[in-house]
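Per the UniProt record's numbering, residue 1 is the first one in the sequence shown, and the count goes up by one each step.
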Amino acid sequence: MGKAAVPVSDQWQPALLAWLPVLTMGLVGTASGVWLGPTEATLLTIAASVPIGLFISRRQNRGALKLLELAESSTCDALLGKMYSDERGPQARLETAFVSQASRLKTCLTRLQDTAEQLTSLAGKSDGLAADSSRGLDRQRVETEQVSAAVNQMAATTQEVASHVQRTADATQEANVLTARGRDVARDTRESIQRLSVVVGETGLTVAQLARDSNEIGTVVDVIKGIADQTNLLALNAAIEAARAGDMGRGFAVVADEVRQLAQRTTESTAQIHGLISKLQVSSSNAVKTMESGHRQAEEGVAWVLEADKALVGISEAVANITDMTTQIAAATEEQTAVAEEISRNITTIAHLADQTSEQARHSAQLSTELTQTAKTQYSLVERFNR
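In structure tokens form, the structure reads like this:
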């Protein structure tokens, strides 16, 4: 690389200048030996060597002046030349410039060596950090996969909860329909019991009226019995008087006997009627009591139906609240499902980014390794030049 950087003219010109006096003197000597005598040849050689020497000296002085100009462009002066060189003038400054440039190069190489050491250390740390980052990203990927699985499980559970909530909503809706139907049945039952209570009340009034009529019939039967008893007594008295009359009262006695028998049958009939009326009065009294009991039970039934209707109203309201709650739960579940799906997508994106980052971290670790190797190579080269 060093030879390729130097121009071709700079490679052959120094050699030509070094050999030019020898070649010139040789040519002059050869020519003078051929065409001239020894004395003339010697004088010619001396005469030719003077301008050639002056040309070469001027050429060398010109190069020295250029080198001195380059040396004077560095930090050197006459005082430094006296301090660091035994020479005087331009040679002292030139030597001082070379010493200064050598010191600068030494310092630059030392700093470059220190920089290479720091670069090696930093590259090693970067390699360690890249390895730690890669391991952390691997753990992050594993944990992200676990979180993704948990989120998917949560989403599936949420879907199952949503399904249960939907079935609960359907069941509550059916319960609401059944409750409404139960309220309708309770209303119809209440109305039927109320109508039955009215009918029972009216029947009780009719039976009570029948009992009163039976009492009046009993009174009439008692009157008839009294009349029959008096008729029987009168017939008996008539029979006694007819017996006293003898033959003249015999026909009257027959009539009196017939009247007595009729009165007796009337008494027996009134006794039977009185017994029937007594039974009717007892039955009427029992019927009235039964009707009153039925009326009370009907009223109690109406009260219980009203309580059942209130309970059904409460159940209907509770079912309505449950329906609202299930609707809200369903909406919240759907929103939670959407959020879970969004989280799952984000986690998938994060996992993808983590994979990319892990790949970049491995690439960075590889680059850090290459940088460490480059720094070691640079340190080796600097150490080689700094010996």
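C-beta: ideal position from N, C-alpha, C; glycine also.
Given the structure is predicted, the values throughout are model-derived calculations rather than measurements.
**Request:** Could you tell me whether any Cβ in chain C is nearer than 8 Å to the Cβ of Thr377?
**Result:** The displayed structure is made up of one protein chain only, and chain C is not part of it.
**Asked** Whose CA, out of Gln373, Ala361 and Arg181, lies closest to the CA of Ala131?
**Response** Ala361
**Asked** Roughly how many angstroms lie between the CA atoms of Asp247 and Asp257, to the nearest whole one?
**Response** 15 Å
**Prompt:** Quick one: what's got a C-beta closer than 8 Å to Thr158's C-beta in the same chain, skipping five residues either side?
**Reply:** Thr333, Gln336, Thr337 and Ala340
**Message:** Give me, in chain order, the residues of the same chain whose beta-carbon lies closer than 8 Å to that of Glu268; leave out the 5 immediate sequence neighbours on both sides.
**Reply:** none
**Prompt:** Do Val288 and Gly204 have their C-beta atoms within less than 8 Å of each other?
**Reply:** yes
**Request:** Using alpha carbons as the reference points, say which of Ser368, Lys279, Leu137 and Asn232 lies closest to Val259.
**Result:** Asn232
**Beta-carbon gap between Ile224 and Thr270 smaller than 8 Å** = yes
**Request:** Under 7 Å Cβ to Cβ from Gln272, same chain only, skipping five residues before and after it: list those, please.
**Result:** none
**Item:** Nearest-angstrom Cβ-Cβ length linking Ala186 and Val305, presumed shorter than 8 Å
**Value:** 5 Å
**Prompt:** Just how far apart, CA to CA, sit Lys310 and Ala303?
**Reply:** 11 Å
**Request:** Name the residue from Gln146, Asp127, Leu105 and Glu202 whose alpha carbon lies nearest to the alpha carbon of Thr348.
**Result:** Gln146
**Request:** Enumerate, from N- to C-terminal direction, the unbroken alpha helix (DSSP H) stretches of 4 or more residues contained entirely within the region 269-315.
**Result:** none
**Message:** Determine whether the beta carbon atoms of Gln166 and Ala330 lie at a separation below 8 Å.
**Reply:** yes
**Asked** Closest to Ala171 by CA distance: which of Thr327, Ala245, Ala375 and Thr374 is it?
**Response** Thr327
**Request:** Report the rounded CA-to-CA distance for residue 390 versus Glu370, giving the unit in angstroms.
**Result:** Nothing about residue 390 can be read from this structure; the chain reaches only from 1 to 387.
**Message:** Let me confirm a value: Ile193 is counted as buried when at least 16 other C-beta atoms fall within 10 Å, else exposed. Which label applies?
**Reply:** buried
**Prompt:** If you draw a straight line from the alpha carbon of Leu312 to that of Ser214, how long is it in whole angstroms?
**Reply:** 48 Å
**Request:** Could you check the C-alpha separation between Gln264 and Leu280 for me, to the nearest Å?
**Result:** 24 Å
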